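First the structure, in the form of structure tokens, and then the observations on it.
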Amino acid sequence: MRLHALHRGSIHAVAPFAWLLMSLVVFSLAVEVRPALAASCTSKAPEQIVIALDVGHTATNVGATSARGIGEYAFNLKLAQRVRDELLGAGFRSTFLMVTELNGHSGLSQRTERANRMNADIFISIHHDGVRDKYLKPWLYEGEQRGFFDDSTGFSLHVSPRYPESLGLARIMADQLMAGGLHFTTTHEPNNPVGARVPYLDSTRGIYRRDNLVVLRHTNMPAVLLEAGVIVNRDEELLVSTPAYQAIIAAAVTEAVKKFCKPPDAPVAGTKLPSGFVYLADIDPTIRQDIRYAGLHNFVGRPVEGYLANECVLTERAARALSQVQAELAAKKLSLIVWDCYRPARAVREFLLWSRLPRDIRMKAEFFPNTNKAELFALGYLAARSAHSRGSTVDLGIVPADLSALAGYDSTASPKPCTGAKGQRFEDGTIDLGTGYDCLDPLARTGSPNVTAEARSNRTLLQQSMQGFGFKPYSREWWHFELADEPFPQQSFDFPIVARAPPPGANVKQEAAPAPPKL
Ligand SMILES: [Zn+2]
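Written out as structure tokens, the structure reads:
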């Protein structure tokens, strides 16, 4: 049977893109960043790794319609079966194809509930791409009026920024797809009206940020949605149906799963830190921590490479000095709060790449409202080599000791400039220090005369407390301090920040190979 016999409805009978938007999108106020844990598959043998392979759309609600009138679902099913076979052949014996019959929101919930119930380690949703209906151009194919759009071509990957691991998996997958000769589509960029108009999480790899896709939001595991190719493109529709193209995708997905679950320098929870480094929480658990680059609330607006856990890592010497500062502040019923500590060199490289993308200014309104992005390096806010990578530099502020909980960050709320007065900028729980953290603005100069008298005196308190135990302040940023007598003055480190090992004696559950889930 020819594939297109599966669906011969007129292009006007369905509105695929509108349907996609209405049924995949769920609006929600807050996007919470889940505490980052190393991916669960890293500690498992391949046959134990549960992979949920989701076939996008359903047989009765087919998604996009191809240039020749075939429903997307048929493409998704064929490709997902091919990917499953490749994964099974590579030893991933716990790979399960998920075919859904329910349409609409209940169908989407069913997908995530199944994946969660089977304790999947990885969720991959297989799709093929279209464009917004009004950009389709008419043509006649086998006597039928069809719609096409030949200007969009290539794969794309979609992830929710809630899980740093999802972005990690997507990055590896994109690299594998490109190594196989494929390219990614720019159709979904914010400035391109034909696509989803969503920001990049990684513009060098075709990875887009999706806050509201149900299958990415509600899955409790690293989750990636792959648009394998553009089926409203008349050439690409034929290409994606070829065994050769499907083989490239299947091999790339399989290689990506292998690499993701067994990275060469496997950054797994509890990996020992290099000699001389400690987790601050092990030295002084009373110091508050909100490691901004591990989440969304930072000037790039996404988890930064190398930050796989919300943990402050420092040299032991710096951590012990900080603990002394903390003891002194405790007498005043105050506490330190750290925002960044040791910074992997790979994170600094990511800042450099980000700074070269002039159009990625989503976070400008909060973090550098008055500064031109192109000047962030020249002005000294960013550097090609950061003192933080030496392990004895810390960004921090002061909060009341009895501060109960830190306010959550809502990435969908309208941004508040970090230069705003206390009460008008983001409420970070600190005593008034004149600006928010990482405020790339002259107001953040430690000696700025343009902040309130209270903020000036609080900055002086922070500076004197830190200097009292061997830290040097930085004139451009009131929050940045470097230990003067640091143990690694010449070295730059690049190990990733991973979760701490569970405390000794904690009951670590041995995971057995799962029974096949009921689908
Ligand atoms: Zn700093």
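Numbering (full-length UniProt numbering), first residue to last: 1 to 519.
Ideal Cβ positions, reconstructed from N, Cα and C, are used throughout, including at glycine.
Quick caveat: nothing in here was measured; it's all calculated off a predicted structure.
Let me confirm a value: N76 is counted as buried when at least 16 other C-beta atoms fall within 10 Å, else exposed. Which label applies? N76 is classed as buried because its beta carbon has at least 16 other beta carbons within 10 Å across all chains shown.
Just list the alpha helix (DSSP H) runs in the region 272 to 353, keeping only unbroken ones of 4 residues or longer that don't cross its boundaries, in chain order. Segments of the alpha helix (DSSP H) lying fully in the region 272 to 353: 280 to 283, 316 to 330.
Got a sec? Which residues, its chain only, sit under 8 Å from R34 by beta carbon, not counting five neighbours each side? Residue placement at R34 cannot be trusted, given a pLDDT of 40 that sits under 50; what the coordinates show is reported in the next sentence. So the qualifying residues of the chain are R162, Y163.
For the structure I just gave you, are there three or more beta carbon pairs, one from the region 431 to 450 and one from the region 413 to 422, closer than 8 Å? Touching, per the Cβ criterion.
Spatial neighbours of A95 within its chain, please: CB distance less than 7 Å, with the 5 preceding and 5 following residues excluded, ordered by chain position. Reading off the sequence shown, one finds Thr at residue 95, where the question assumed Ala. If we look at T95 and ignore the five residues flanking it on each side, its Cβ neighbours are I51, L53, R84, L87, L88.
Buried or exposed by the 16-neighbour rule on C-beta atoms within 10 Å, applied to G195: Buried is the call here.
Buried or exposed: A499, going by 16 or more other Cβ atoms within 10 Å of its Cβ? Flag for A499 reads buried.
Considering only heavy atoms of ligand 1, does any lie closer than 8 Å to the CB of H128? Not one heavy atom of ligand 1 is found less than 8 Å from the C-beta of H128.
Excluding the 5 residues preceding and the 5 following V25 in the sequence, name in chain order all residues of the same chain whose CB lies nearer than 6 Å to its CB. Confidence is the limiting factor: at V25 the pLDDT is only 38, short of 50, which leaves the residue's position unreliable and the question unanswerable from this model.
Given a cut-off of 9 Å, decide if E350 and V304 are closer than it, judged by their beta-carbon atoms. Closer than 9 Å, so yes.
Let me check you understand the geometry: is the CB of T186 closer than 8 Å to at least one non-hydrogen atom of ligand 1? Not under cutoff, so the answer is no.
I believe D129 touches I231 by the beta-carbon criterion, under 8 Å. Please report the beta-carbon distance rounded to the nearest angstrom. 7 Å between Cβ atoms; contact.
8 Å contact criterion, which E47 and G104 should meet: CB distance rounded: With 8 Å as the limit, E47 and G104 do not qualify as a contact, their Cβ atoms being about 35 Å apart.
Residue from G206, Y342, R117, N233 with nearest C-alpha to F155: Considering only alpha carbons, the answer is G206.
Does the region 332 to 351 come within contact of the region 442 to 451, defined as at least 3 CB pairs closer than 8 Å? They do not touch, by the three-pair rule.
For G380 and L406, which I take to be in contact (beta-carbon distance under 8 Å), what is that distance rounded to the nearest angstrom? Not quite, the Cβ-Cβ distance comes to about 28 Å (not below 8 Å), so this is no contact.
With three or more C-beta pairs closer than 8 Å as the rule, is the region 54 to 69 touching the region 119 to 139? Inter-segment contact for the region 119 to 139 and the region 54 to 69 is present: three or more beta-carbon pairs are separated by less than 8 Å.
What span of residues does the beta strand (DSSP E) with V159 cover, start to end? Per DSSP, the continuous beta strand (DSSP E) segment holding V159 begins and ends at 156 to 159.
What is the DSSP secondary structure of A501, counted as helix, strand or coil? DSSP places A501 in coil when its eight states are reduced to three.
Flag H218 as yes when its Cβ comes closer than 8 Å to any non-hydrogen atom of ligand 1, and as no otherwise. No, Cβ of H218 sits at least 8 Å from all heavy atoms of ligand 1.
Output yes or no for whether 9 Å exceeds the beta carbon distance between L108 and V214. Taking 9 Å as the Cβ cut-off, L108 and V214 qualify as a contacting pair.
Inter-residue CB distance, V159 and S166 (contact presumed, cutoff 8 Å): Between S166 and V159 the Cβ distance is about 4 Å, and since that is below 8 Å, they are a contact.
Chain-order list of residues whose beta-carbon lies under 7 Å from that of A170 (same chain, five-residue window excluded): Counting only residues of its own chain and dropping the five nearest sequence neighbours on each side, A170 has a CB closer than 7 Å to the CB of L157, V159, I207, V224.
Provide the residue span of the alpha helix (DSSP H) that contains Q464, from first to last. That run of the alpha helix (DSSP H) goes 453 to 467.
Can you grab the Cα-Cα spacing for the pair A330 / F377, in whole Å? Spanning the alpha carbons of A330 and F377 requires a straight line of approximately 36 Å.
How big is the Cα-Cα spacing for L29 and R210? For L29, the pLDDT reaches just 31, beneath the cut-off of 50, and the residue's location in the model is therefore unreliable, leaving the point undetermined.
H480 to S241, Cα distance in whole Å? In this structure, the alpha-carbon of H480 lies about 55 Å from that of S241.
Is W479 close to ligand 1? I mean its beta-carbon at under 8 Å from any heavy atom of the ligand. Yes; taking the cut-off as 8 Å, the Cβ of W479 has a heavy atom of ligand 1 nearer than that.
CB-CB under 6 Å to E32, same chain, minus the five flanking residues each way: which ones, in chain order? A caution first: E32 carries a pLDDT of 38, below 50, which makes its placement in the model too unreliable to give a value.
Contact the region 271 to 279 vs the region 309 to 316: 3+ CB pairs below 8 Å: Segments in contact, yes.
State the DSSP-derived secondary structure class of K472, mapped to helix, strand or coil. In the three-state DSSP reduction, K472 falls in the strand class (E or B).
May I ask you to verify whether the region 388 to 398 touches the region 489 to 497, counting CB pairs closer than 8 Å and requiring at least 3? Under the 8 Å Cβ criterion, the region 388 to 398 counts as touching the region 489 to 497, having at least three qualifying pairs.
For K44, name the three-state secondary structure that DSSP assigns. K44 falls in the coil class under three-state DSSP.
For the structure I just gave you, are there three or more beta carbon pairs, one from the region 356 to 372 and one from the region 321 to 328, closer than 8 Å? Touching, no, given that fewer than three Cβ pairs across the two stretches are closer than 8 Å.
Alpha carbon to alpha carbon, what distance is there between K422 and A244? Roughly 59 Å separates the two Cα atoms.
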